[in-house]
Amino acid sequence: MPEHTFRVNGEQVTVDVPDDVRLLWVLRDVLGITGPKYGCGINVCKACTSHLNGKAVNPCAIPVGNVKPTDEVTTIEGLPATVGKDLHPMQEAWLDVDVAQCGYCQPGQIMAAVALVERVKAEGREITDADLDGLRNICRCGTYVRIREAVRAGAAKM
Amino acid sequence: MEIGRRRFLGYVLAAPTLVAAAELFPAGAAEAFDITEIVDLNDAMTLAAAPTANLISVVVNADGSVSFALPRAEVGQGITTSTAMLIAEELSVPLDRVRVTLADARPELVFNQLTGGSNTTFSTYLPIRVAAAVAKKRLLDAAAARLGTTALTLTDGVVSDRAGRKLSLGDLAVKAASGVDERVAVQLTAPKNFTVIGTPRKRIDALAAVTGRKTFAMDLDVPGAKPTMVCRPPTLNGTVGSVANLAEVRAMPGITDVVTISTGVAVRAETFGQCIDGVRALRVDWGPGTAEGKSDADVLAELRRAELPLGPKPLTPTLESTFTFYFRGNSALEPNCAVADVRAGRAEIWAGLKSPIVAQQTIAAKLGLPVSAVTVHVVESGGSFGRKLFFDAALEAAEVSKAVGKPVKLLWHRADDARQGRTHPMATSRVRLSHVGGKVVSFEQRHTSVSTDLSHGLGEIFTAVVAKLPVGDAGFSQTFFQLSQSTPYKFGAVSRLLAETGTGFNTGSMRNVYSPDVTCARELMIDQLASTLGQDPYELRRGLLHDSRARAALDKVADVGDWGRSMPEGTAQGIALHTEYKSVSAALVEIDNRPGTVGRKVREGVTGPRVTKVVFAVDVGLTVNPRGLEAQMMGCISDGIALALTSSLHLRDGYFLEASWDNYFYTRQWNTPLDLRVIVLPNSSDHPGGAGELGVATAFAAVACAYGRATGRMPTSFPINHGTVSFPVKPTIPPVPPSPTDGLSYA
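Line order of the protein sequences matches chains R and W. For the record, in the first sequence the residue sitting at position 116 is 116 according to full-length UniProt numbering, with numbers rising by one throughout. For the record, in the second sequence the residue sitting at position 704 is 704 according to full-length UniProt numbering, with numbers rising by one throughout.
This is the structure in structure tokens:
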């Protein structure tokens with residue numbers, strides 16, 4: 001089987017799986033990184049949202065063969081290290097607002113929120129309601145209002 | 001057992017460290033219940049527990065921590081946090097010192113390990129506090145022996161005497177232990193002295209959730225338990241025949257086993273991705289399902305035929321309408337899943353289970369093992385909404401593990417979960433009210449529904465009490481229906497009946513069960529009456545209410561939400577209320593139905609009218625955690641918006657068209673109200689009522705009423721967009737869609 005080498009949460013990893021296995025399963029089933037969740041497998045629910053070179057992506061829809069050796073994959077487990085802390089400001093905001101209910105969508109929500117805030121900051125503007133309406137991550141517990149509150153609070157500290 | 005005002009009997013159990021216990025419901029207390037006082041579901045469930053209840057134990061560990069194994073399922077509703085609060089209150093320890101885990105299936109609890117009916121806090125509020133109070137008393141006794149004085153206080157987990165000497169819980173845990181089981185009388189803290197109960201607390205599992213460390217069933221590392229999925233039939237509950245290409249699929253990369261089971265063909269592989277590939281490659285000869293050829297219209301016609309007749313038409317003016325509620329999915333974001341390790345003579349199961357005892361018994365029977373040989377671990381769930389009352393995946397995982405002789409980690413693909421999973425049954429509700437001089441003199445409701453499957457153990461609870469209830473020999477469903485429906489209004493002669501029809505559908509008790517539909521129909525009729533009489537919907541409700549708690553909730557939302565304010569054309573307010581679980585709630589909703597809003601475009605999403613504002617008031621009697629209660633009501637509001645506007649399953653030719661979240665339109669950010677306020681009303685009781693499901697009916701009804709007032713036409717079919725299939729229907733063969741390659745886009 002082909003070997004694939006890339007970086008995950010700051011460490012270089014090499015896995016021996018066929019090219020077409022999606023990154024989500026490489027992370028979860030091969031590497032044991034279980035923060036990214038399965039909720040649909042077709043890039044719809046966004047429960048697996050992680051970062052590829054700092055941009056939000058959905059590993060359930062990325063064949064591992066498309067991941068390059070220089071690519072840096074960041075999952076929720078590696079998010080705090082990107083700011084050199086125990087918790088990323090967005091995670092702290094999430095705790096302050098007490099967003100989580102069942103918690104299943106939360107890793108994906110937080111990764112999507114961080115990417116959104118960074119994109120908006122790069123565009124030199126504040127987060128708008130339209131930006132928040134654009135978050136596609138499903139929360140079946142329906143915590144959307146607290147998610148919006150936490151994204152704004154997290155953005156203020158990023 | 002209560003032996004006086006706030007005095008209860010608990011136990012200290014023989015153990016190396018301090019173990020304090022209480023009966024989850026005291027034996028013999030059933031006699032103390034006057035059967036005529038059984039007015040709702042919570043009482044029935046609690047009563048059912050009486051003769052069979054057993055002990056729950058609070059353990060004080062040598063490291064100063066306190067542990068408790070809760071015989072309920074945490075599925076997101078926050079009961080581990082509220083349970084820890086009860087213990088922290090009575091034991092006087094910091095909240096973060098209390099560790100609440102979920103108990104394995106305990107068959108000796110019989111009826112008392114069922115999570116449902118918003119009953120957890122209602123039924124555990126006293127026993128958990130009694131056990132914690134016994135622990136506190138023993139710790140103080142042990143400290144007294146050590147320090148030679150009884151003038152002691154226990155605060156923040158530290159015992160102090162007047163001389164300033166201090167002992168920690170860890171110092172005392174072993175000293176306070178008992179060599180024999182002992183009965184101990186304790187007094188519980190008076191509500192006016194509460195310092196934890198009633199204060200807003202953050203969830204004790206939040207850090208685990210936001211760091212990705214919270215462990216769900218599929219995150220468990222059970223040795224050898226490899227990913228497994230099932231290739232399922234193209235129609236609902238279709239039968240599985242021969243497989244044309246078994247050898248070919250078995251030889252695919254990563255696949256370890258392919259085996260036919262009762263529900264389809266199971267594929268076990270190194271990764272779930274390879275399971276998906278295997279499932280898609282299988283060529284199976286499928287037989288007909290249990291709803292073969294049926295579509296929405298066929299079921300609707302069955303419902304019409306099954307409807308019970310209304311009484312003779314009154315001589316007074318009447319209003320009459322029939323409302324239709326289509327099938328809805330109660331999928332959680334975590335699909336059905338379970339880990340199973342079945343070996344010769346024993347089995348071990350891990351899953352999110354709200355009825356673990358029934359699961360254990362059923363799995364044991366399926367495997368031909370004694371119940372004692374099947375260990376069932378209850379894992380924290382990624383949502384439930386009624387879905388995890390069932391154990392479909394655990395049963396399937398056990399079957400596959402036995403068949404392949406290896407452990408499995410079984411996951412339903414989202415398409416399986418949507419198309420073959422449990423649904424809220426399609427229902428109609430016919431309502432007739434008659435009125436004279438602005439007063440309602442009779443109210444009749446005929447609710448007709450595809451049968452709700454209550455076979456997960458909730459049914460067994462009713463078996464135990466049904467003979468004692470005033471509903472005679474009516475079945476579980478009628479009992480459930482009657483117990484769960486109460487009317488806070490002065491409606492004169494009330495007659496409310498349920499008729500069920502049709503089997504063949506995988507149904508279940510979706511959050512709030514019958515109430516969202518029944519209440520929505522009732523509240524819309526009140527709005528219609530207001531319109532007929534030229535009265536204000538809020539004032540009319542207010543005048544009809546006989547319940548002062550409900551009136552307080554209604555007044556609160558009308559006041560805070562500025563009821564009756566002038567609004568632009570195409571936008572409107574709606575107001576509604578719902579009482580259940582010994583709790584009351586009211587909602588004021590504003591909706592924007594203007595073309596510019598309705599016509600918003602969202603890729604693979606449904607927009608339509610937007611709920612712009614919700615003011616929600618809730619009185620659960622006694623609130624344990626206001627912050628958690630607000631969260632539950634927020635979730636209920638999201639559910640209510642979905643039920644009214646966007647979420648349904650379309651049955652066509654024996655299968656549901658919806659196959660994932662891009663077809664099933666649960667509330668999303670673009671449907672979320674920008675202004676939401678939940679008001680927790682002051683306590684009105686010394687005992688908590690139920691909360692987890694309460695607000696679904698309220699929110700659904702208020703959104704429906706607001707929509708009716710915005711359009712000037714009362715909606716009668718829900719969700720309002722059911723007539724439009726707004727997505728390309730995914731194929732049914734193969735049963736799951738291909739894994740896409742667009743993961744770099746759309747995040």
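For every residue, glycine included, the Cβ atom is placed at its ideal position computed from N, Cα and C.
Opposing strand residues paired with W:M252 [DSSP bridges]: For W:M252, which the question treats as bridged, DSSP gives no partner whatsoever.
Cβ neighbours of W:F391 in the same chain (closer than 6 Å, five flanking residues each side left out): If we look at W:F391 and ignore the five residues flanking it on each side, its Cβ neighbours are L353, A359.
Cutoff 8 Å: W:D662 Cβ touching any chain R Cβ: yes
Contact between the segment 330 to 346 of chain W and the segment 432 to 447 of chain W (3+ Cβ pairs under 8 Å): no
Ranges of the alpha helix (DSSP H) found wholly within the segment 276 to 359 of chain W, counting only runs of at least 4: 296 to 306
Residue nearest to W:P317 in terms of C-alpha spacing, selected from W:L126, W:E500, W:L533: For W:P317, the nearest C-alpha among the options comes from W:L533.
Interface flag, R:N53 vs chain W, CB-CB below 8 Å: no
W:G241 - DSSP class collapsed to helix/strand/coil: strand
Under the three-state DSSP convention, the category W:V210 falls into: helix
Amino acids of chain W, ordered along the chain, whose beta-carbon sits closer than 8 Å to that of R:D2: Reading off the sequence shown, one finds Pro at residue 2 of chain R, where the question assumed Asp. Here the premise fails: no neighbours, minimum Cβ distance about 11 Å.
Amino acids of chain R, ordered along the chain, whose beta-carbon sits closer than 8 Å to that of residue 757 of chain W: With chain W running from 1 to 747 in the structure shown, residue 757 of chain W is simply not present.
Simplified DSSP assignment, three categories, for W:V258: strand
Neighbour list for W:E292 in chain R, Cβ cutoff strictly below 7 Å: In chain R, no part has a C-beta under 7 Å from the C-beta of W:E292; the shortest such distance is about 27 Å.
Inter-stretch contact (C-beta, 8 Å, three-pair minimum) for the segment 276 to 294 of chain W and the segment 316 to 331 of chain W: Taking a contact to require three or more Cβ pairs closer than 8 Å, the segment 276 to 294 of chain W and the segment 316 to 331 of chain W do not qualify as touching.
Bridge-paired residues (DSSP) for W:R446: DSSP lists W:R430, W:L497 as partners of W:R446.
Chain W contact for R:G154 (CB, 8 Å cutoff): no
Extent of the continuous alpha helix (DSSP H) run through W:D517: 515 to 533
N- and C-terminal bounds of the alpha helix (DSSP H) containing W:R401: Residue identity differs from the one stated: residue 401 of chain W is Ser in this sequence, not Arg. First-last of the alpha helix (DSSP H) with W:S401: 392 to 404.
Rounded Cβ spacing between R:T5 and R:P69 (contact assumed at less than 8 Å): 5 Å
For R:C105, the first and last residue of its enclosing alpha helix (DSSP H): Counting along the chain, R:C105 falls outside any alpha helix (DSSP H), and DSSP gives it neither H nor E.
Contacts of R:G41 in chain W (Cβ-Cβ under 9 Å): F272, G273, I276, H413, R414, A415, S660, V736, P737, S739, P740
For W:E23, the three-state DSSP class (helix, strand or coil): Here W:E23 sits in strand by DSSP.
Three-state secondary structure (DSSP) of W:I423: Reading off the sequence, residue 423 of chain W comes out as Thr, not Ile. In the three-state DSSP reduction, W:T423 falls in the strand class (E or B).
Opening and closing residue of the beta strand (DSSP E) in which W:F665 lies: Bounds of any beta strand (DSSP E) do not take in W:F665, whose DSSP letter is neither H nor E.
For R:D98 and W:T507, the rounded distance between their alpha carbons: Spanning the two alpha carbons is a distance of roughly 33 Å.
Closest Cα partner of W:G502 within the set W:F385, W:N512, W:S531, W:S451: W:S451
Test: W:D392 CB closer than 8 Å to a CB of chain R: no
Contacts that R:M63 makes with chain W (C-beta to C-beta distance below 7 Å): Rather than Met, the amino acid found at residue 63 of chain R in this sequence is Pro. Ordered by position in chain W, the residues that pass the 7 Å Cβ test against R:P63 are T741.
Distance, W:F272 Cα to R:D29 Cα: 8 Å
Minimum Cβ-Cβ distance from R:I127 to chain W less than 8 Å: no
Contact residues within the segment 666 to 680 of chain W, judged by C-beta distance below 8 Å to chain R: Y666, T667, R668, Q669, W670, T672, P673, L674, L676
Beta bridge counterpart(s) of W:E580 as assigned by DSSP: W:S583
Classification of W:G654 by the beta-carbon crowding that lies within 10 angstroms, buried from 16 upward: buried
Between the CA atoms of R:V83 and W:S262 - distance to the nearest angstrom: 51 Å
Contacting residues, own chain, Cβ-Cβ under 6 Å from W:W667 (five flanking each side not counted): Trp is not the amino acid found at residue 667 of chain W; the sequence shown has Thr there. Answer for W:T667: S638, I641, A642, listed in chain order.
Neighbouring residues, chain R, relative to residue 754 of chain W (Cβ below 7 Å): Any property of residue 754 of chain W remains undetermined from this structure, which presents chain W solely from 1 to 747.
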